[in-house]
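Novice: Here it is, the structure, as structure tokens.
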Amino acid sequence: MVHSDRMPVLIGVGQVTEKKSGLEGLSSPLDLIEASTRLAALDAGIADGVLSRLDTLVVVRCFREVMRNAPQALADRIGASGARCWLTPTGGNFPQYLINRYAADIARGAASFVLLAGAEAIDNQRRLQKAGIQPAWDVPAEHDAEYLLPEVPMTHEHENAHGLQVPAHAYPLYENALRAHYGRDIDSHQRALGDLFAPFSRVAAGHPQAWFKVARTADEIATATPQNRYVGWPYTKYMNAMNQINQGAALLLTSEAGARDLGVPESQWVYLHGCADVNERWYLTDRVDYHSSPAIRVMGERALAMAQIGIDDIAHLDLYSCFPSAVQIACDELGIRHDDPRGLTVTGGLPFHGAAGNNYVMNAIA
12 MVHSDRMPVL IGVGQVTEKK SGLEGLSSPL DLIEASTRLA ALDAGIADGV LSRLDTLVVV
72 RCFREVMRNA PQALADRIGA SGARCWLTPT GGNFPQYLIN RYAADIARGA ASFVLLAGAE
132 AIDNQRRLQK AGIQPAWDVP AEHDAEYLLP EVPMTHEHEN AHGLQVPAHA YPLYENALRA
192 HYGRDIDSHQ RALGDLFAPF SRVAAGHPQA WFKVARTADE IATATPQNRY VGWPYTKYMN
252 AMNQINQGAA LLLTSEAGAR DLGVPESQWV YLHGCADVNE RWYLTDRVDY HSSPAIRVMG
312 ERALAMAQIG IDDIAHLDLY SCFPSAVQIA CDELGIRHDD PRGLTVTGGL PFHGAAGNNY
372 VMNAIA
């Protein structure tokens, strides 16, 4: 049992989506992370100066890492000179992994006040570069960022030779395996993909942080047009994670005792009821098949068992949605209908809310 004083709680969240018309004042990833962090402090009801008391600071790695030491640069900006600073490797699972890991550290007294944050500014970077401007976003640092875990290549030489290091090449293997598994022909499966993602777009249309606030019909999503080209068959553009955005998110964690000490009201405390981290077989070509995920099944079973509830007791769902196959496999493994009336996202998902690289799940948690 965890002593109540050490019970971990999430006390503040911050999110930023930046869309500017001109080229003046375009934010870097670090700018977006800092803004999200200060909003998280505001959400928690604590002054910015209190961030100096952070003992742990972790930044989720950018897809296009432009800084030598982003965690240290963030610590310097917010005055957290005493924080141990880390950078995550590549992986969209890391925001939730960090919640799980540092909740456990807080519970055993190995951490007390933790900031988790990340951002992407790929849209800003592309716009500047198209105008012939090279973004000067690096910040001088005495040493490279320290990785929380080793960076492991996601594909090996044989897979690279067949282009599988490109997600738009790899995920169609899963999609076509699912089509065969469901016994569908090409046309009916394509319609099903439109039906799956149309509700995601409707959620994004009403979400204040979404990049694309447009509700699209199933036909619009499923049908290839000049505006909705195939990216990797059978995936049209509207079925793909959209990482050419400017978005950041940050979370603040502490213990119950820490929250009381910071003056955060109990109404602001959010508890982690159940969690699990499970690794699938690492390389795609080592998977048992392409229509299932034993890791997701085990992860769901363990997280729900810890919380002492079932999947039907969950009120809000957000399934990782980089491509339709990821959503369908997660539904199948967790026992969720593809048309579940609860909805499968709280944000609009990676294609419509926008996918801040490895950091999307931070937005979903926020």
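The numbering of the sequence shown is the numbering used here, which starts it at 12 and goes up by one.
No residue lacks a Cβ here, since even glycine has one placed at the ideal position from N, Cα and C.
1) Can you check DSSP and say which residues form a bridge with Arg292?
2) Do you know whose CA, among Gln83, Thr356, Pro40, Phe363, lies nearest Trp97's CA?
3) List the DSSP bridge partners of Arg95.
4) Indicate the three-state DSSP secondary structure (helix, strand or coil) for Pro146 in the structure shown.
5) Can you tell me which of the three DSSP states Pro335 falls into?
6) Would you decide whether Met373 is buried or exposed? Buried here means 16 or more other CB atoms lie within 10 Å of its CB.
7) On the CB-based measure, 16 or more other CB atoms within 10 Å of its CB, does Thr228 come out buried or exposed?
8) For Thr48, which of helix, strand or coil comes out of DSSP?
9) When the Cα atoms are used, what is the spatial distance from Gly243 to Asp134?
10) What does a CB cutoff of less than 7 angstroms around Gly346 pick up in its chain, not counting 5 residues either side in sequence?
11) Leu62 to Gly103, Cα distance in whole Å?
12) So, at 8 angstroms on beta carbons, what are the nonlocal neighbours of Gln339 in its own chain, with the 5 sequence-adjacent residues on each side left out?
13) Helix, strand or coil for Ile89? Go by DSSP, reduced to three states.
14) Exposed or buried, Gly360, counting other C-beta atoms within 10 Å across all chains shown (16 or more means buried)?
15) Under the three-state reduction of DSSP, which class applies to Asn171: helix, strand or coil?
16) Arg353: which of Thr247, Ala94, Pro178, Val214 sits nearest, CA to CA?
17) Who are the Cβ neighbours of Tyr331 in its own chain at under 6 angstroms, not counting the five residues just before and after it?
18) For Glu76 and Asn257, which I take to be in contact (beta-carbon distance under 8 angstroms), what is that distance rounded to the nearest angstrom?
19) Specify, as a first and last residue, the run of the alpha helix (DSSP H) that Val309 falls within.
20) In the DSSP output, which residue or residues are listed as bridge partners for Thr247?
21) Arg202 to Pro362, Cα distance in whole Å?
22) Quick one: which unbroken alpha helix (DSSP H) runs of 4-plus residues sit fully inside the region 255-288? Chain order, please.
23) According to DSSP, is Ile325 helix, strand or coil?
24) Quick one, which of Trp293, Ala91, Ser266, His218 has its alpha-carbon nearest Gln26's?
25) Are Leu275 and Ile110 close, meaning C-beta to C-beta below 8 angstroms?
26) The alpha helix (DSSP H) that contains Cys136, what's its start and end?
27) List the endpoints of the continuous alpha helix (DSSP H) containing Ile117.
28) If we ignore side chains and look at the alpha-carbon of each, how far apart do Thr166 and Val24 end up?
29) What would DSSP say about Phe363, mapped onto helix, strand or coil?
30) Restricting to Cα atoms, I'd like to know which of His14, Asp297, Trp148, Ile117 is closest to Glu131.
31) How would you label Asn171, buried or exposed, when you count the other beta carbons within 10 angstroms and need 16 or more for buried?
32) Between Ala55, Phe105, Ala46, Asn80, which has its C-alpha nearest Ala287's C-alpha?
33) Assuming Val24 is part of the beta strand (DSSP E), what are its boundary residues?
34) Go to Phe211, then tell me how far its alpha helix (DSSP H) extends in each direction, as first and last residue.
Specialist: With the structure as the only source:
1) In the DSSP assignment, no residue is bridged to Arg292.
2) Gln83 is the residue among Gln83, Thr356, Pro40, Phe363 whose C-alpha sits nearest the C-alpha of Trp97.
3) Answer is Thr67, bridged to Arg95.
4) In the structure shown, the three-state DSSP call for Pro146 is coil.
5) Annotated three-state conformation of Pro335 is helix, per DSSP.
6) Buried, because 16 or more other Cβ atoms sit within 10 Å of the Cβ of Met373.
7) Its Cβ having fewer than 16 others within 10 Å, Thr228 is exposed.
8) Assigned with DSSP and collapsed to three states, Thr48 falls in helix.
9) If I take the Cα positions, the gap works out to 22 angstroms.
10) Short of 7 angstroms from the beta carbon of Gly346, and not among the five residues preceding or following it, lie these beta carbons of its own chain, in chain order: Ile322.
11) Going by the C-alpha atoms only, they are around 26 angstroms apart.
12) The beta carbon of Gln339 is closer than 8 angstroms to those of Leu189, Leu207, His349 in its chain, skipping five residues each way along the sequence.
13) Residue state, collapsed to three classes: helix.
14) Taking every protein chain shown into account, the CB of Gly360 has 16 or more other CB atoms within 10 angstroms, so this residue is buried.
15) Helix, per DSSP.
16) Nearest option by C-alpha distance: Val214.
17) Sequence-distant partners of Tyr331 (beyond 5 residues in either direction) whose C-beta falls short of 6 angstroms from its own C-beta, in its chain, are Ala337.
18) A Cβ-Cβ separation of about 16 angstroms leaves Glu76 out of contact with Asn257 under the 8 angstroms criterion.
19) Where Val309 is concerned, the enclosing alpha helix (DSSP H) stretches over 305-318.
20) DSSP, once it has assigned bridges, lists Tyr241 as partnering Thr247.
21) For Arg202 and Pro362, the distance between alpha carbons rounds to 17 angstroms.
22) As far as the region 255-288 is concerned, its whole alpha helix (DSSP H) runs of at least 4 residues are 267-273.
23) DSSP places Ile325 in the coil class of the three-state scheme, outside both helix and strand.
24) It is His218.
25) It should be noted that the sequence gives Val, not Leu, for residue 275. No, they are not a contact pair.
26) Note that residue 136 is Gln in the sequence shown here, rather than Cys. 133-141 is the span of the alpha helix (DSSP H), which, as asked, contains Gln136.
27) Looking at the DSSP string, the run of the alpha helix (DSSP H) that includes Ile117 is 105-118.
28) Rounded to the nearest angstrom, the gap between the Cα atoms of Thr166 and Val24 is 34 angstroms.
29) The answer is helix: DSSP assigns Phe363 an H, G or I state.
30) Checked all of His14, Asp297, Trp148, Ile117; the closest Cα to Glu131 is Trp148.
31) Asn171 counts as exposed, since fewer than 16 other beta carbons sit within 10 angstroms of its beta carbon.
32) Of the listed residues, the one whose Cα sits closest to Ala287 is Phe105.
33) First-last of the beta strand (DSSP E) with Val24: 19-28.
34) Its alpha helix (DSSP H) spans residues 197-216.
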